[in-house]
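Per UniProt numbering, the very first residue in the sequence shown carries number 1; after that it's consecutive. Everything below concerns the one structure shown next.
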Amino acid sequence: MEKATKTRYSDSELQEFKDLIQEKLRMAREEFLDLTNSLSNPNSNGTEDTSGTYKTLEDGSATLEKEQLNQLAARQKKFIENLEAALVRIENKTYGICRETGKLIQKERLRAVPHATLSMEAKLKQS
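So this is what it looks like as structure tokens:
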């Protein structure tokens with residue numbers, strides 16, 4: 001019966017999620033750093049001595065690659081912000097509570113998407 005009335009995750013459950021999020025955050029920050037390094041130090045493939053015929057094509061390709069890296073970096077930054085917000089919710093003991101229904105979000109969902117703020121029920125209603 002206790003499960004039906006459970007309104008929040010226990011401190012030990014929150015700690016489990018905190019550990020998971022901190023590990024994801026560590027990896028996300030590492031990846032973000034790699035992306036920003038790629039943007040600030042575009043690796044030279046030693047194409048300076050090749051024919052000028054391909055120069056325009058390479059410039060276009062490099063621009064596209066830089067745009068893609070920028071998009072990936074922006075997405076990664078947003079992911080990091082969402083994970084950091086999840087840590088705040090853990091500290092406030094509001095983590096894992098759906099912001100629409102007020103019900104607990106399933107553990108499986110939180111393990112897959114640790115920064116989730118909507119239960120699957122609420123998420124499906126949005127579509």
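For glycine and all other residues, C-beta sits at the position ideal for the given N, C-alpha and C.
Residues in its own chain within less than 7 angstroms of residue i by CB, not counting five upstream and five downstream?
i: ILE90; result: LEU14, PHE17 and LYS18
i: ALA116; result: ILE105, ARG109 and LEU110
i: SER38; result: LEU69
i: ALA73; result: PHE32, LEU35, THR36 and LEU39
In the DSSP assignment, what residue or residues form a beta bridge with residue i?
i: ILE97; result: LEU104
With burial defined as no fewer than 16 other Cβ atoms inside 10 Å of the residue's Cβ, what is the status of residue i: buried or exposed?
i: ALA86; result: buried
i: GLN71; result: exposed
i: GLN76; result: buried
i: GLY60; result: exposed
i: LEU64; result: exposed
i: GLY96; result: buried
i: ALA28; result: buried
Does the CB of residue i have a neighbour CB from chain D at under 7 angstroms?
i: LYS107; result: In the displayed structure, chain D is absent; only one protein chain is listed.
Cutting at 6 angstroms between CB atoms, please list the residues of its own chain near residue i, excluding the five before and the five after it.
i: CYS98; result: ILE105, LEU118, SER119 and ALA122
i: TYR9; result: GLY96
I'd like the list of long-range same chain contacts for residue i, defined as Cβ closer than 8 angstroms, with 5 residues on each side in sequence excluded.
i: LYS125; result: GLU100
i: LYS103; result: ILE97, SER119 and GLU121
*Is the region 12-25 touching the region 110-127 in the sense that three or more CB pairs, one from each, lie closer than 8 angstroms?*
yes
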